[in-house]
Amino acid sequence: MHIVVCVKQVPDTSVVKLDPVTNTLDRSSAPSIINPYDAHAVEEAVRLKKKYGGKVTIVSMGPPMATAVIKKSIELGADEGVLISDRAFAGSDTLATSYALTQAINKIAEKEPVDLIFAGKQAIDGDTAQVGPGIARRMNIPVLAQVDKVESYSQDNNVIRVRRKLEDGHEIVESKLPCLITVEKEINELTYSPLTNMIKAARYEPVIWTTNDIEVDRSQLGLKGSPTVVGKIFAPPKQSGGEKIEGTAQEVVDIVMDKLINVHGLFAKEGV
Ligand SMILES: Cc1cc2nc3c(=O)[nH]c(=O)nc-3n(C[C@H](O)[C@H](O)[C@H](O)COP(=O)(O)OP(=O)(O)OC[C@H]3O[C@@H](n4cnc5c(N)ncnc54)[C@H](O)[C@@H]3O)c2cc1C
Numbered sequence: 001m002h003i004v005v006c007v008k009q010v011p012d013t014s015v016v017k018l019d020p021v022t023n024t025l026d027r028s029s030a031p032s033i034i035n036p037y038d039a040h041a042v043e044e045a046v047r048l049k050k051k052y053g054g055k056v057t058i059v060s061m062g063p064p065m066a067t068a069v070i071k072k073s074i075e076l077g078a079d080e081g082v083l084i085s086d087r088a089f090a091g092s093d094t095l096a097t098s099y100a101l102t103q104a105i106n107k108i109a110e111k112e113p114v115d116l117i118f119a120g121k122q123a124i125d126g127d128t129a130q131v132g133p134g135i136a137r138r139m140n141i142p143v144l145a146q147v148d149k150v151e152s153y154s155q156d157n158n159v160i161r162v163r164r165k166l167e168d169g170h171e172i173v174e175s176k177l178p179c180l181i182t183v184e185k186e187i188n189e190l191t192y193s194p195l196t197n198m199i200k201a202a203r204y205e206p207v208i209w210t211t212n213d214i215e216v217d218r219s220q221l222g223l224k225g226s227p228t229v230v231g232k233i234f235a236p237p238k239q240s241g242g243e244k245i246e247g248t249a250q251e252v253v254d255i256v257m258d259k260l261i262n263v264h265g266l267f268a269k270e271g272v
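Next up, the structure:
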């Protein structure tokens with residue numbers, strides 16, 4: 001089974017700051033890390049490889065420093081990795097990103113057909129959760145999104161059965177391969193990497209492809225190929241403390257009901 005995992009380098013959003021002047025992420029304020037969902041995607045791919053045999057290839061799009069997440073993925077047990085990196089990709093929104101990654105995966109598949117593609121549910125910086133489904137749509141393969149468990153895989157009929165996380169429960173679905181799966185963090189627990197993987201990762205030099213190495217229509221890349229416009233980025237206002245209402249139980253209920261109805265418009269639609 002040849003599994004490709006899409007891995008993004010992201011700023012650690014638990015510490016990143018917003019530039020108050022430009023309203024953009026101040027990337028220098030935070031270390032770059034592997035998108036946490038993607039680490040779980042690599043872990044799951046490696047588990048499947050160990051069970052059914054095959055190979056795990058990483059693909060990432062980003063600046064040259066993004067080779068670090070490919071090395072991290074090798075440490076987690078992946079076999080190979082390709083970084084697509086070119087100034088032409090700069091400014092890509094999710095439409096252009098999914099296009100560039102699809103073209104890279106198509107090139108990877110020329111050497112060895114791809115059976116399964118993994119992506120994270122979302123990136124912790126962009127948060128759109130669009131890139132995985134975007135790649136699946138472009139490749140015309142099924143997408144199983146928000147998967148928190150791989151139930152089984154049948155080599156006989158080439159069908160994978162997974163559990164999807166829904167807002168109010170779970171759903172078990174099956175798909176024939178090839179398909180694309182986006183993963184939740186609960187899909188597995190990250191294991192410690194053996195020393196041999198660490199040594200392999202330290203020595204590993206990821207392949208870097210530019211737009212000269214993959215077949216791309218340049219008008220679909222970068223700012224030119226990105227219809228999304230970011231109007232403004234801002235930190236949400238800090239939550240102010242709640243109001244303390246004092247009085248007898250009846251008085252408190254009256255005040256709360258008054259606020260709900262007259263301030264927050266409760267029942268307004270029903271005309272009560
Ligand atoms: C107008 C515009 C300009 C932008 N310019 C830039 C820019 O210059 N530089 C920049 O870094 N970002 C830029 N971005 C942000 C960038 O487009 C998004 O981060 C990117 O498209 C992925 O979207 P997301 O982060 O919401 O990923 P999601 O859709 O939330 O990610 C889901 C999964 O898709 C996969 N994935 C997503 N992105 C990548 C990737 N790059 N490589 C491999 N796998 C990936 C991962 O598996 C990830 O878990 C720009 C966005 C817009 C709208």
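Per full-length UniProt numbering: the sequence shown = residues 1 to 272.
Here a beta-carbon is modelled for each residue, glycine too, at the ideal position from N, C-alpha and C.
Bear in mind the structure is a predicted one, so any value in this text is a computation, not a measurement.
Legend entry - Same chain only: Cβ atoms within 6 angstroms of A30, ignoring 5 sequence neighbours per side: P11, D12, V15 and V16
Legend entry - Same chain only: Cβ atoms within 6 angstroms of R87, ignoring 5 sequence neighbours per side: none
Legend entry - ligand 1 heavy atom lying under 7 angstroms from the CB of I92: The sequence given here places Ser at residue 92; Ile does not occur at that position. Within the cutoff, so yes.
Inset, instruction - Would you mind reading off the limits of the alpha helix (DSSP H) that contains A68? - result: T67 to E75
Legend entry - Outcome for P64 when other beta-carbon atoms lying within 10 angstroms are tallied against a minimum of 16: exposed
Legend entry - Helix, strand or coil at K232 according to DSSP, with G and I counted as helix: coil
Legend entry - The alpha helix (DSSP H) enclosing I141, as first and last residue numbers: Where I141 is concerned, there is no enclosing alpha helix (DSSP H), given that its DSSP letter is neither H nor E.
Legend entry - Cβ-heavy atom distance, K8 to ligand 1, below 7 angstroms: yes
Inset, instruction - Decide if S240 is buried, meaning its Cβ has at least 16 other Cβ atoms within 10 Å, or exposed. - result: exposed
Legend entry - Sequence-distant residues of the same chain with beta carbon closer than 8 angstroms to T191, five excluded per side: E43
Inset, instruction - Write down the C-beta distance between V56 and V5 rounded to the nearest angstrom, noting that I regard them as a contact closer than 8 angstroms. - result: 6 angstroms
Inset, instruction - May I ask whether a heavy atom of ligand 1 can be found less than 7 angstroms away from the beta carbon of residue 276? - result: Residue 276 is absent from the model: the chain starts at 1 and stops at 272.
Legend entry - Stretch-stretch touch, CB-based, cutoff 8 angstroms, three pairs: the segment 180-190 with the segment 135-144: yes
Inset, instruction - At 4 residues or longer, and completely inside the segment 97-157: list those alpha helix (DSSP H) runs for me, N to C. - result: 131-139
Inset, instruction - Output the distance between the C-alpha atoms of V272 and L260, rounded to the nearest integer angstrom. - result: Annotation note: pLDDT 46 at V272 (below 50); position unreliable, no value reported.
Legend entry - Integer Cβ distance of G81 from S92, believed to fall under 8 angstroms: That belief does not hold up - the Cβ atoms of G81 and S92 are roughly 20 angstroms apart, past 8 angstroms.
Legend entry - Closest residue to A78 among G120, A201, G225 and S152 (Cα-Cα distance): A201
Legend entry - F89 classed as buried or exposed, judged by whether at least 16 other C-beta atoms fall within 10 angstroms: buried
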